[in-house]
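Numbering (this note's numbering), first residue to last: 2 to 235.
Yeah, the Cβ is synthetic: ideal placement off N, Cα and C, and Gly gets one too.
Here the structure is a predicted model, which is why all the values come from computation and not from measurement.
Some notes on the structure that comes next.
This is the structure in structure tokens:
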């Protein structure tokens with residue numbers, strides 16, 4: 002799927018450029034980056050967790066749906082990276098959020114990368130369920146379907162704009178909880194889109210990714226509350 006690879010490269014480039022720009026624009030004076038401060042162990046945990054989570058949950062979902070082969074999952078990669086970093090932070094007695102720098106890049110990578118899924122058609126295994134809406138699309142099997150890839154791309158593009166406005170204003174709540182807000186937002190919107198995908202369910206109408214999304218939402222809420230409690234106690 003050459004077109005998917007091209008969009009993956011475009012997503013990576015946009016993510017990197019936006020991250021570097023936001024860092025120099027708004028975050029450089031706030032101290033060293035987590036990777037600089039905590040060393041290669043942080044980077045290894047981040048990348049390793051993302052790879053294991055992305056391929057692990059992506060492949061599990063395909064297997065449950067009766068589709069052979071390896072799968073990749075954005076939500077799985079996010080969950081895996083978070084789990085690995087939280088374990089790393091606990092072993093190093095690191096407190097507080099270290100993920101604000103990743104907010105614009107992650108959101109932008111999804112906003113761009115999902116178009117690669119959209120244009121790759123059925124082979125990508127990310128198409129939606131049949132629909133009769135005016136914007137339903139035929140992905141190659143003569144069946145009009147929900148363009149869930151576009152739903153997610155547009156949803157995350159909106160978040161990118163919101164995040165940039167918050168960075169520009171140095172909005173206090175966002176500067177403290179921006180990573181957790183992004184995780185919660187991503188989990189919530191992705192939870193909705195999963196109802197429009199033909200994946201195998203594991204409990205009622207919920208598939209594997211539904212439960213990952215619920216875990217992300219719970220994590221975001223818990224961490225925001227914990228951070229707020231720590232500030233109150235201080």
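Excluding the 5 residues flanking it on each side, residue 35 has same chain C-beta neighbours closer than 6 Å at 43 and 99, in chain order. CA-to-CA, the gap between residue 63 and residue 149 works out to about 17 Å.
If you ignore the 5 residues before and after residue 189, its C-beta comes within less than 8 Å of the C-beta of 214 and 218, all in its own chain and listed in chain order.
The secondary-structure analysis by DSSP pairs residue 138 across a beta bridge with 146. Under the DSSP assignment, residue 202 falls in the beta strand (DSSP E) whose first and last residues are 202-204.
Beyond the five residues adjoining it in sequence on each side, residue 112 comes within less than 7 Å, by CB distance, of 154, 157, 158 and 161 in the same chain, given in chain order. Straight-line measurement puts the Cα of residue 178 at about 28 Å from the Cα of residue 116. With fewer than 16 neighbouring CB atoms inside 10 Å of its own CB, residue 88 falls in the exposed class. Put simply, the backbone Cα of residue 132 is about 49 Å away from that of residue 40. Minimum Cα-Cα distance from residue 198 among the listed residues 221, 147 and 167 corresponds to 147. Contact annotation: residue 59 and residue 74 have beta-carbon atoms nearer than 8 Å. Counting of Cβ neighbours within 10 angstroms places residue 37 among the exposed residues, the total staying below 16.
The beta strand (DSSP E) runs of length 3 or more contained entirely in the segment 170-233 are, from start to end of the chain, 202-204. 8 Å or more divides the Cβ of residue 78 from the Cβ of residue 106. Between the C-alpha atoms of residue 108 and residue 186 there is a straight-line separation of about 10 Å. A residue is called buried once 16 or more other Cβ atoms fall within 10 Å of its Cβ, and residue 191 is buried on that count.
C-alpha of residue 230 to C-alpha of residue 224: approximately 10 Å in a straight line. In this structure, the alpha-carbon of residue 5 lies about 22 Å from that of residue 20. The beta carbon of residue 171 sits closer than 8 Å to the beta carbons of 27 from its chain, once the five residues preceding and following it are set aside; these are given in chain order. DSSP places residue 66 in no alpha helix (DSSP H); its state is neither H nor E. Taking the Cα of residue 143 as reference, the smallest distance to any Cα among 122, 163 and 11 is reached at 122.
Apart from sequence neighbours up to five positions away, the residues of its chain that approach residue 140 with a beta-carbon distance below 7 Å are 122, 123, 128 and 146, ordered along the chain. Ranked by Cα distance from residue 9, the first of 125, 32 and 196 is 125. In this structure, residue 164 places its C-beta atom within 8 Å of the C-beta atom of residue 104. Residue state for residue 105 is assigned as helix, using DSSP reduced to three classes.
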